[in-house]
Amino acid sequence: MSNRHALLKRIIAESQRHYAAYVLFNQAMADRLGLHPTDLQCLALLDLEDEPVTTGHIARLTGLTPGSASRLVDRLEKAGLAVREADPEDRRRSLVSLAPGVSERIGQAWDTPGAAYGDVLRSYTDAELELIADYLRRATRVGLDQAERLTTGG
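Residues 18 to 171 in our numbering are what the sequence shown spells out, letter by letter.
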């Protein structure tokens, strides 16, 4: 086996381990906050958005059906974690954003794990961090594309 082949095999295995560890971490963080893991993931994704989004957009971000995404938003709104407002451009649609203070609340829960992840990242040079960021961006796109392909029967 060539060095490159062995390295690619190692990267695939480490990626699978990373994904499994992240699923466990997400579940533990959701449990700590008293949330369902999908709800926590939705909050994290909403926090990354520059402006409020539609429930349909949330469905696409999470892979949920529109009905399930609507129920997710209902839960978040009832818990005081999200705010749903009428879209000023189309009153038939609603826009969803994080409720005030939620980003800080979730951020506080991230203090210890964030510091641990930060310790790992600080061990890399700027050039290595650029490479890691590029890989994550590109791998995310592949994952989204493949999820779409699988769900549309492609």
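Every residue gets a Cβ at the ideal spot worked out from N, C-alpha and C, and that includes glycine.
**OP:** Can you tell me which of the three DSSP states threonine 71 falls into?
**Re:** strand
**OP:** Name, in chain order, the residues that DSSP records as bridge partners for alanine 99.
**Re:** Leu115
Original post:
For alanine 38, does the count of other Cβ atoms within 10 angstroms reach 16, so buried, or fall short, so exposed?
Top reply: Alanine 38 counts as exposed, since fewer than 16 other beta carbons sit within 10 angstroms of its beta carbon.
**OP:** Evaluate valine 137 with the Cβ neighbour count: other Cβ atoms within 10 Å of its Cβ, from every protein chain shown; 16 or more gives buried, anything less gives exposed.
**Re:** exposed
**OP:** Using a threshold of 9 Å, state whether the C-beta atoms of leucine 62 and alanine 47 are closer than that.
**Re:** no
**OP:** Return the chain-ordered list of same chain residues with a C-beta closer than 8 Å to the C-beta of threonine 55, the five sequence neighbours on each side being excluded.
**Re:** Thr79, Leu81, Leu89
Original post:
Any idea if leucine 93 is buried or exposed, counting beta-carbon neighbours within 10 angstroms, 16 or more meaning buried?
Top reply: buried
**OP:** Name the one or two DSSP bridge partners that alanine 104 has.
**Re:** Reading off the sequence, residue 104 comes out as aspartate, not alanine. DSSP output for aspartate 104 lists Asp107 as bridge partner(s).
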